[in-house]
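This report concerns only the one structure given below.
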Amino acid sequence: MALGHHSISGACKDDTQHMDGVQEQGFLSYLKNLPQKPSTTVRLFDRGEFYSVHGPDAHLAAREVFKTSSAVKQLGSGSNKVDSLVLSQLNFEAFVRTLLLVKQYRVEVYSQQQASKNEWKVQYKASPGNLMQFEDVLFGMNNEQTISTGVLAIKTANEDGQRVVGTAYTDVSGRFMTVSEFNDGDTFSNLEALIVHLDPKECILPSGDLGPDGVKIKQVLSRSNLLVTERKKVEFSFKDVTQDLGRLLKKKESAALASRPEFNLKQAMGALSALIKYLELLNDERNFGHFSLETYELSQYMHLNSAAKKALHVEPIPGETVPGSKTTTILGILDKCHTPQGHRLLAQWLRQPLVDVNRIEERLDLVEAFVSSTDLRQSLGEDHLRRIPDIQRIARKLSRKGAALSDCYKLYQCVERLPHLCEAIGKYCGKHEATLSAVFSVPLQESVGDLAKYQEMIETTVDTKKANEGDFVVKPDFDEVLSELREKMDELEKDIQRQVKKVASDLCLDAGKTLKLESNAQLGYFFRVTLKEEKALRNNRSYHMIDANKSGVRFRNSALQDLNDQYLSAKEEYVEQQKSVVEEIINIAAGYIEVFQQVGHVLSTLDCIYALASAAVSAPIPYVRPKLHPTGTGVIKITAARHPCLELQDDISFIPNDCCFDKESGLFHILTGPNMGGKSTYIRSVGMAVLMAQIGSFVPCEEAELSIVDSILARVGAGDYQSKGVSTFMAEMLETATILRSATKDSLVIIDELGRGTSTYDGFGLAWAISWHICKEIGSFCLFATHFHELTALEDMIDTAKNFHVTATTANNMLTLLYQVQPGPCDRSFGIHVAQLADFPKHIIEVAKRKAEELEDSFINSEDSKEELPKKKVQKQEGEKIINDFVSKAAKLDINSFSDEALLAEINQLCNEVEKSENKYIAHLLART
189 MALGHHSISG
199 ACKDDTQHMD
209 GVQEQGFLSY
219 LKNLPQKPST
229 TVRLFDRGEF
239 YSVHGPDAHL
249 AAREVFKTSS
259 AVKQLGSGSN
269 KVDSLVLSQL
279 NFEAFVRTLL
289 LVKQYRVEVY
299 SQQQASKNEW
309 KVQYKASPGN
319 LMQFEDVLFG
329 MNNEQTISTG
339 VLAIKTANED
349 GQRVVGTAYT
359 DVSGRFMTVS
369 EFNDGDTFSN
379 LEALIVHLDP
389 KECILPSGDL
399 GPDGVKIKQV
409 LSRSNLLVTE
419 RKKVEFSFKD
429 VTQDLGRLLK
439 KKESAALASR
449 PEFNLKQAMG
459 ALSALIKYLE
469 LLNDERNFGH
479 FSLETYELSQ
489 YMHLNSAAKK
499 ALHVEPIPGE
509 TVPGSKTTTI
519 LGILDKCHTP
529 QGHRLLAQWL
539 RQPLVDVNRI
549 EERLDLVEAF
559 VSSTDLRQSL
569 GEDHLRRIPD
579 IQRIARKLSR
589 KGAALSDCYK
599 LYQCVERLPH
609 LCEAIGKYCG
619 KHEATLSAVF
629 SVPLQESVGD
639 LAKYQEMIET
649 TVDTKKANEG
659 DFVVKPDFDE
669 VLSELREKMD
679 ELEKDIQRQV
689 KKVASDLCLD
699 AGKTLKLESN
709 AQLGYFFRVT
719 LKEEKALRNN
729 RSYHMIDANK
739 SGVRFRNSAL
749 QDLNDQYLSA
759 KEEYVEQQKS
769 VVEEIINIAA
779 GYIEVFQQVG
789 HVLSTLDCIY
799 ALASAAVSAP
809 IPYVRPKLHP
819 TGTGVIKITA
829 ARHPCLELQD
839 DISFIPNDCC
849 FDKESGLFHI
859 LTGPNMGGKS
869 TYIRSVGMAV
879 LMAQIGSFVP
889 CEEAELSIVD
899 SILARVGAGD
909 YQSKGVSTFM
919 AEMLETATIL
929 RSATKDSLVI
939 IDELGRGTST
949 YDGFGLAWAI
959 SWHICKEIGS
969 FCLFATHFHE
979 LTALEDMIDT
989 AKNFHVTATT
999 ANNMLTLLYQ
1009 VQPGPCDRSF
1019 GIHVAQLADF
1029 PKHIIEVAKR
1039 KAEELEDSFI
1049 NSEDSKEELP
1059 KKKVQKQEGE
1069 KIINDFVSKA
1079 AKLDINSFSD
1089 EALLAEINQL
1099 CNEVEKSENK
1109 YIAHLLART
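Per the numbering used here, the sequence shown runs over residues 189 to 1117.
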């Protein structure tokens, strides 16, 4: 049951005005006896004309809705007082939207069972992953549902010495379930990739101590910003799931249920059992026979960890992305979709980049067809896609018997448009004509044939003329009573029209110009004049004002009031008389749900292809089609790569750069250079280009030749998670451990400023060891931006390591950043120059320069005596040998055999050995750091 709407007569009345003393005390007693709840669950109470919220929830509502706590009042007296807040319907809807869509909280709405007793019951409830009962509130006429919802359940076990993770995901709105079971490592990288793919809003875990694995799983969920709910372990039992699915699945899917391959996934099906109980799917008979079940294969999509998703600005991050800004994420740039289902599908494509080169090429063919044909883009975007309703949402309303006659008519209008849409696609004449026909035209034409009877039913029963005017009624000739009522309403409308001339003459106004007759569903008919003409109504008792706003003054005279009352009464009677016919129309329409779902899928795909093509041609420099190679070919060549978000910013002239990974150019690129020189932008640009190519998009560059990668893994930025008890350095290590344990030779690894969260030597030692391991053991594509210039020595030791730097010049003692990437290491530090750019005080800059000059080559300088100089040279040689030995030992550490804590302990032990050497050259270096 969807949440209903109230007629609000008073938005901010005290609770005490609506309850006598006995009711008030009874309610307070009930309130105090409610079981404890987590702070992420908010309880609201339906009072008929308004809603109330109490205790800490009242203060939360006051802050979110009114931006002040002064709106909170006291309910009760003496020691029995409770903080309370009243919300109007509009404020209630705004609060619920904030809780479910922004803060990711749960919501429970209580209603009173008997007015004479304080018996309350949870009437509606929702969570970020299950918005069904609040769809009308959250996604009404002016709020399209462009987000996906879903709940994930996880169950783990050890089988034959292997860690097995079973997952189940359910989207109640879409009525589908997926299960997956896979082996995972200590960092649960496969689980994290699955979370990125599916984008659930909350997660169900077994309650109790889950040991070290449970702690790590919760860290993964925390990084992904999921609301976590713990349920009893017994709910994760496999035994009941067969019977439950037999009732929920569609008939064709429930046949021979126990023999389906999904039932071999014991842990996943146990998780699904818990999910069915948590979502209470069996409590609503409308769910029976409507769900589908399939196995989710992780291998069909590129793996993205949450750090990569954030580093590459894939989609907005709640609380971090500027609201309303569409040029700060890839989704914002590419999303030129016209339909709600298109918006949702494109976001899904970005979270699930393909790895099958044939599927990617098919998408690129479709995008290329739209890019090459301006007429095709314009006709589809302006004339057709813009007028397509949210078919998937209407299909869901039909399936739960919650649709209205207006929904059925919207679907009819969509079906009417399909032949014209196919005709527009058919006008394309190019090399991808066959692909366009197979993917779009043929399926849509088949659907038109399947929906012919539906069209005929709507044309026979619905008054299409009235429907086009926004009045959805059954044809009057369908029933004698309806025909009589229609005649009566037509006569009343004629009488109402006659009033316009009379009132215009009385007020000396022009009918249809300065005086207008209007109507809406709430008020019926009324007159309206502009604020400029309002003086004509002053002191005229023949007219009474309804309201006034910037659009003008709405009013009636007694004759129009009487005619309007008669008209609304006849209309209400008409609606009541047609109820049985409308119910039959909706029941018949429900039989076409599967066909409409297929149409919705084809149209959402069409909308996404249109969006990708529109983004490609509307960029400052048009995007180009990438040339793709199968996985394992080991080539990434991008000419003049651009950052798709930055190039759209105002007052920026973006400087593109090339990137080439192959045997000659190396697979491990070390990038050095000054802060703000463009290192982070460059490595992100490459990652974005690869990601965009594998969703089937054109890419922002002059030319691209790309091997398909199986994953993009990132460690970018120095942000920490202090609110979650994770330091900057620990965040670095967790993300890096995920990379080392999940990257393959076909992965793209992006690392920016690794090791800066700890001491210089610890950080450098770890950066060297990690770089060595990626080069020697993994062999993946890697972009490694660093301030450890010592890492550039890797080029002399490993063939696949190559040095690059971002250029800058210090002409006239001023730093000028050139933002160009060139071969070779950076030959100097620009720290003091960057401080000048930051407008440091001049005297601090001068002191810094003097100190830098003093330290430069301070260990061996011209003031040394002839006796001391040879000794210092020997000490320097010995010190360099000690450092090289340290680096070699660190590189030989078998990272996979150590836990994170043990690995840090090993590195610290090596550092201690260096410090104990008592070499003066090393002591000098340590003093400098």
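Glycine included, each C-beta is placed from N, C-alpha and C at the ideal position.
- If only complete runs of 4 or more residues are kept, the stretch 520 to 554 shows the alpha helix (DSSP H) at 528 to 539, in order along the chain.
- Of all alpha-carbon atoms in Arg565, Tyr798, Ile776, Ile582, the one lying nearest the alpha-carbon of Glu644 is that of Ile776.
- Put simply, of Thr527, Arg231, Leu445 the residue whose alpha carbon is nearest the alpha carbon of Glu570 is Thr527.
- Around the beta carbon of Met365, 16 or more other beta carbons lie within 10 angstroms, which makes this residue buried.
- Ile883 is classed as buried because its beta carbon has at least 16 other beta carbons within 10 Å across all chains shown.
- For Lys309, the beta-bridge partners assigned by DSSP are Ser299.
- At a Cβ-Cβ threshold of 9 Å, Leu552 and Leu816 count as neighbours.
- From the listed residues Thr995, Leu794, Gly266, the smallest Cα separation to Asn845 is found for Thr995.
- When Cβ pairs closer than 8 Å are counted between the two stretches, the stretch 485 to 500 is seen to touch the stretch 539 to 547, the count reaching three or more.
- The three-state reading of DSSP puts Leu445 in helix, counting H, G and I together.
- In terms of Cβ geometry, Pro607 and Gln566 do not form a close pair [threshold 9 Å].
- The alpha-carbon separation between Ala803 and Met880 amounts to approximately 12 Å.
- In the DSSP assignment, Val241 falls within the unbroken beta strand (DSSP E) covering 239 to 242.
- Here Met645 carries a helix assignment [DSSP, helix/strand/coil].
- Closest by C-alpha distance to Arg830, out of Asp795, Ile797, Val1009, Ile774, is Val1009.
- The Cβ-Cβ distance between Tyr312 and Gln301 does not fall below 9 Å.
- Taken through DSSP and simplified to helix, strand or coil, Lys1069 comes out as helix.
- Short of 7 Å from the beta carbon of Ile548, and not among the five residues preceding or following it, lie these beta carbons of its own chain, in chain order: Leu542, Leu816, Gln882, Gly884.
- For Phe370, the enclosing beta strand (DSSP E) has its first and last residue at 364 to 371.
- Proximity to Glu556 across Tyr798, Ser227, Ser276 peaks at Tyr798, based on C-alpha coordinates.
- With contact defined as three or more Cβ pairs closer than 8 Å, the stretch 648 to 657 and the stretch 583 to 597 are in contact.
- Contiguous beta strand (DSSP E) elements confined to the stretch 369 to 396 occur at 390 to 394, taking only those with 3 or more residues.
- By the Cβ neighbour-count rule, Pro888 is buried, with 16 or more other Cβ atoms within 10 Å of its own.
- Inter-segment contact for the stretch 412 to 428 and the stretch 389 to 404 is present: three or more beta-carbon pairs are separated by less than 8 Å.
- Rounded to the nearest angstrom, the gap between the Cα atoms of Ala341 and Arg588 is 25 Å.
- Here DSSP, grouped into helix, strand and coil, assigns Cys848 to strand.
- Remark: fewer than three beta-carbon pairs, one from each stretch, lie closer than 8 Å, so the stretch 753 to 771 and the stretch 783 to 792 are not flagged as touching.
- Annotation: Arg903 is outside any alpha helix (DSSP H); the continuous beta strand (DSSP E) that includes it extends over 899 to 903.
- Runs of the alpha helix (DSSP H) spanning 4 or more residues and lying entirely within the stretch 697 to 771 occur at 746 to 765, in chain order.
- Under the DSSP assignment, Gly354 falls in the beta strand (DSSP E) whose first and last residues are 350 to 359.
- Judged by DSSP in its simplified three-state form, Lys815 adopts strand.
- When C-beta atoms of the stretch 464 to 476 are compared with those of the stretch 868 to 877, fewer than three pairs fall below 8 Å, so the two segments do not count as touching.
- In the structure shown, the three-state DSSP call for Glu941 is coil.
- Secondary structure at Tyr1007: strand, using DSSP grouped into helix, strand and coil.
- By the C-beta density criterion, Asn728 is exposed, having fewer than 16 other C-beta atoms within 10 angstroms.
- Less than 9 Å divides the Cβ of Glu983 from the Cβ of Pro1013.
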